[in-house]
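Below: the structure, in structure tokens.
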Amino acid sequence: MITTDICIVGAGPVGLFAVFEAGLLKMRCHLIDVLPQVGGQLSEIYPQKPIYDIPGYPEINAQELVTRLMEQIKPFHPGFTLGERVETVDRQDDGSLIVKTNGQTAVSCQVLVIAGGLGCFEPRKPDIDRLIEFEGKGVAYMVKDPETFRNRQVVLAGGGDSALDWAIYLANIAARVTLIHRGNTFRGTPDTAEKVFELAKAGDIDLILQSNVTGLDGRENLEVVSVQGQQQALTLLPADHFIPLFGLSPKLGPIANWGLNMDKSAIEVNTTDFSTNVARIYAIGDINTYPGKLKLILCGFHEAALMAQGAFKYVYPDQKLSFKYTTVYGVPEF
Amino acid sequence: MIKITVENRNGEIAALEIPCNLNLSLMEVLKAADYDILATCGGIALCATCHVKVLKGAETLTPAGDQELDMLEMLPDAGPLSRLSCQLRINEEMDGMVFRIANQD
């Protein structure tokens, strides 16, 4: 078990800067992020994009800002758990919290700060009858262990790179691979698309274009996938597995079940200290909402500063907080 | 000012008057008009929660760029009329167009 003062969910710019603001008040932090690297959207989505509204930087590229933030928080030696998703929060008798991830990491903390940005990216689920019912009984949204599909009949749907890649990979493993795509061309890498057409021509996979999966059937487990062509009638394909590959969509994930007041996928906060309706849980950055909310990195930084002032009373219940300027006292490393 | 027609997810139809000189995207206009659009990603063609179908006037729109096409390709319910409203800048050419807000995936 990791023990810290503040556990921060989300290692994007706002989560990182929260370490600095907490550090000034001598509070230690541990960050958890579902992505394998720090920086959140900045590193994952637009590392080379310039940002123009960071005070003091007329222009800074996103990855550079992350690097600078990491340098800025170094004196406070934050801990990191990357590539894991926070699942549960349990309250202890003394009010403190234990945060657990899907990777068996447990963090004991006085305060939990959600700096989750867009949320975590989860598979997009097509609107197909009985899809949810067959999850884990033939329906999967990603290929974790290709061996699961050895000598099985697999139906894939989608037209992106992952649909193409898995069709090629599974062609040698599965008894039969069928790829169903809405269009008649692919936007994926040209080489990969060509390979899929070659495999189809050689009879190594079945390619069904301009068609959609419209239904699933089976008793206990998935047995049949129904496919509707744009012109043709319905085709019923025998299938042990159906893997819709329609990319990832940002979702709130398990945070939605923590009893926090929400307004459309955003966490409602009190702007005095960016606390939520649940004691010791704060939300800062793009994931929160309040009257006048602006989704700016700049605003997230401000929210982090006020959050730290509010969180202090839980970490040091016996001390009185006195505000100190870094110009006067410097950065009190620990 | 231009006028467009918007059909929401319940099939209700309303007309919107929009100024052209504010450099707004259709997503921003729809949000401002209180349509139920999450726009989680804030307008960078990443979440597709602002997916609309262009029922009238599609041919006058600037064609979708690579990022938008990649995203539309991924949407299970996208079709030839689909666009991401965050990628559509309001301009005078859009006068009289009709949009339907697509279902949330």
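Chains Y and L are the protein sequences, given in the same order.
Following the UniProt record's numbering, the numbering of the first sequence begins with 1 at its first residue and continues without gaps.
Following the UniProt record's numbering, the numbering of the second sequence begins with 1 at its first residue and continues without gaps.
Where is the CB? At the ideal position from N, CA and C, for every residue including glycine.
Chain Y residues whose Cβ lies nearer than 7 Å to that of residue i
i: residue 15 of chain L; result: Result: empty, since nearest Cβ-Cβ is about 25 Å, beyond 7 Å.
i: residue 27 of chain L; result: Result: empty, since nearest Cβ-Cβ is about 13 Å, beyond 7 Å.
i: residue 63 of chain L; result: Going along chain Y, no residue has its Cβ under 7 Å from residue 63 of chain L, so there is no contact; the nearest lies around 14 Å.
Neighbouring residues, chain Y, relative to residue i (Cβ below 9 Å)
i: residue 93 of chain L; result: Here the premise fails: no neighbours, minimum Cβ distance about 26 Å.
i: residue 48 of chain L; result: 124, 247 and 249
i: residue 34 of chain L; result: Ordered by position in chain Y, no residue passes the 9 Å Cβ test against residue 34 of chain L, which lies about 12 Å from the chain.
Residue i in three-state terms, based on DSSP
i: residue 32 of chain L; result: helix
i: residue 77 of chain Y; result: coil
i: residue 229 of chain Y; result: strand
i: residue 15 of chain L; result: strand
i: residue 68 of chain Y; result: helix
i: residue 148 of chain Y; result: helix
i: residue 88 of chain Y; result: strand
i: residue 260 of chain Y; result: coil
i: residue 92 of chain L; result: helix
i: residue 116 of chain Y; result: coil
i: residue 279 of chain Y; result: coil
i: residue 157 of chain Y; result: strand
i: residue 289 of chain Y; result: strand
i: residue 60 of chain Y; result: strand
i: residue 136 of chain Y; result: coil
i: residue 55 of chain Y; result: coil
i: residue 5 of chain L; result: strand
Endpoints, beta strand (DSSP E) assigned at residue i
i: residue 387 of chain Y; result: Residue 387 of chain Y lies beyond the residue range present for chain Y, which begins at 1 and ends at 334; the question has no answer from this structure.
i: residue 82 of chain L; result: 82-84
i: residue 106 of chain L; result: Nothing about residue 106 of chain L can be reported from this structure: the residues present for chain L run from 1 to 105 only.
i: residue 178 of chain Y; result: 176-180
i: residue 106 of chain Y; result: 106-109
i: residue 243 of chain Y; result: 241-244
i: residue 196 of chain Y; result: Note, residue 196 of chain Y: premise wrong, no beta strand (DSSP E); alpha helix (DSSP H) at 190-201.
i: residue 248 of chain Y; result: 248-251
i: residue 208 of chain Y; result: 206-208
i: residue 78 of chain L; result: Residue 78 of chain L -> no beta strand (DSSP E), and no H or E assigned at all.
i: residue 63 of chain L; result: Segment: none, residue 63 of chain L is in no beta strand (DSSP E) and carries neither H nor E.
Endpoints, the alpha helix (DSSP H) within which residue i is located
i: residue 161 of chain Y; result: 161-171
i: residue 84 of chain Y; result: Looking at the DSSP string, residue 84 of chain Y is not in any alpha helix (DSSP H), and its letter there is neither H nor E.
i: residue 13 of chain Y; result: 13-24
i: residue 327 of chain Y; result: 326-329
i: residue 43 of chain Y; result: 41-44
i: residue 315 of chain Y; result: 297-315
i: residue 66 of chain L; result: 66-74
Cα-Cα separation, residue i to residue j
i: residue 31 of chain L; j: residue 177 of chain Y; result: 42 Å
i: residue 95 of chain Y; j: residue 108 of chain Y; result: 11 Å
i: residue 235 of chain Y; j: residue 60 of chain Y; result: 54 Å
i: residue 5 of chain Y; j: residue 31 of chain Y; result: 11 Å
i: residue 51 of chain Y; j: residue 295 of chain Y; result: 14 Å
i: residue 6 of chain L; j: residue 41 of chain L; result: 22 Å
i: residue 165 of chain Y; j: residue 21 of chain Y; result: 44 Å
i: residue 113 of chain Y; j: residue 2 of chain Y; result: 16 Å
i: residue 27 of chain Y; j: residue 18 of chain Y; result: 10 Å
i: residue 83 of chain Y; j: residue 90 of chain Y; result: 21 Å
i: residue 126 of chain Y; j: residue 117 of chain Y; result: 24 Å
i: residue 73 of chain Y; j: residue 43 of chain Y; result: 17 Å
i: residue 246 of chain Y; j: residue 275 of chain Y; result: 36 Å
i: residue 265 of chain Y; j: residue 199 of chain Y; result: 43 Å
i: residue 233 of chain Y; j: residue 212 of chain Y; result: 12 Å
i: residue 301 of chain Y; j: residue 4 of chain L; result: 38 Å
i: residue 227 of chain Y; j: residue 86 of chain Y; result: 37 Å
i: residue 47 of chain Y; j: residue 23 of chain Y; result: 26 Å
i: residue 67 of chain L; j: residue 55 of chain Y; result: 29 Å
i: residue 331 of chain Y; j: residue 316 of chain Y; result: 19 Å
i: residue 230 of chain Y; j: residue 297 of chain Y; result: 45 Å
i: residue 121 of chain Y; j: residue 156 of chain Y; result: 20 Å
Under 8 Å from the C-beta of residue i: neighbouring residues of chain Y
i: residue 97 of chain L; result: Per Cβ cutoff of 8 Å: no residues; residue 97 of chain L is ~24 Å from chain Y at best.
i: residue 19 of chain L; result: By Cβ distance, chain Y contributes nothing, its closest Cβ being about 21 Å from residue 19 of chain L, past 8 Å.
Amino acids of chain L, ordered along the chain, whose beta-carbon sits closer than 8 Å to that of residue i
i: residue 364 of chain Y; result: As displayed, chain Y neither begins before 1 nor continues past 334, which places residue 364 of chain Y out of reach and without an answer.
i: residue 127 of chain Y; result: 76, 77, 103 and 105
Neighbour list for residue i in chain L, Cβ cutoff strictly below 7 Å
i: residue 187 of chain Y; result: 69, 70 and 73
i: residue 160 of chain Y; result: 73 and 74
Under 9 Å by beta carbon: chain L residues contacting residue i
i: residue 295 of chain Y; result: 42
i: residue 118 of chain Y; result: 40, 41, 42, 46 and 47
i: residue 284 of chain Y; result: Ordered by position in chain L, no residue passes the 9 Å Cβ test against residue 284 of chain Y, which lies about 16 Å from the chain.
i: residue 45 of chain Y; result: 41, 44 and 46
Stretch-stretch touch, CB-based, cutoff 8 Å, three pairs: the segment 60-78 of chain L with the segment 294-311 of chain Y: no
At least 3 beta-carbon pairs within less than 8 Å: the segment 68-77 of chain Y vs the segment 90-105 of chain Y: no
At least three beta-carbon pairs within less than 8 Å, the segment 163-178 of chain Y to the segment 198-209 of chain Y: Segment contact: the segment 163-178 of chain Y against the segment 198-209 of chain Y, three or more CB-CB distances shorter than 8 Å; contact assigned.
The segment 212-225 of chain Y in contact with the segment 124-143 of chain Y per 3-pair CB rule at 8 Å: yes
Inter-stretch contact at 8 Å, needing at least 3 Cβ pairs: the segment 242-259 of chain Y / the segment 159-174 of chain Y: Between the segment 242-259 of chain Y and the segment 159-174 of chain Y there are three or more C-beta pairs closer than 8 Å, enough to call the two in contact.
Meets three-Cβ-pair contact criterion under 8 Å: the segment 89-101 of chain L and the segment 43-55 of chain L: Proximity of the segment 89-101 of chain L to the segment 43-55 of chain L meets the contact definition, three or more beta-carbon pairs being nearer than 8 Å.
Three CB pairs or more closer than 8 Å across the segment 79-95 of chain L and the segment 4-23 of chain L: The answer is yes - the segment 4-23 of chain L touches the segment 79-95 of chain L, with three or more Cβ pairs under 8 Å.
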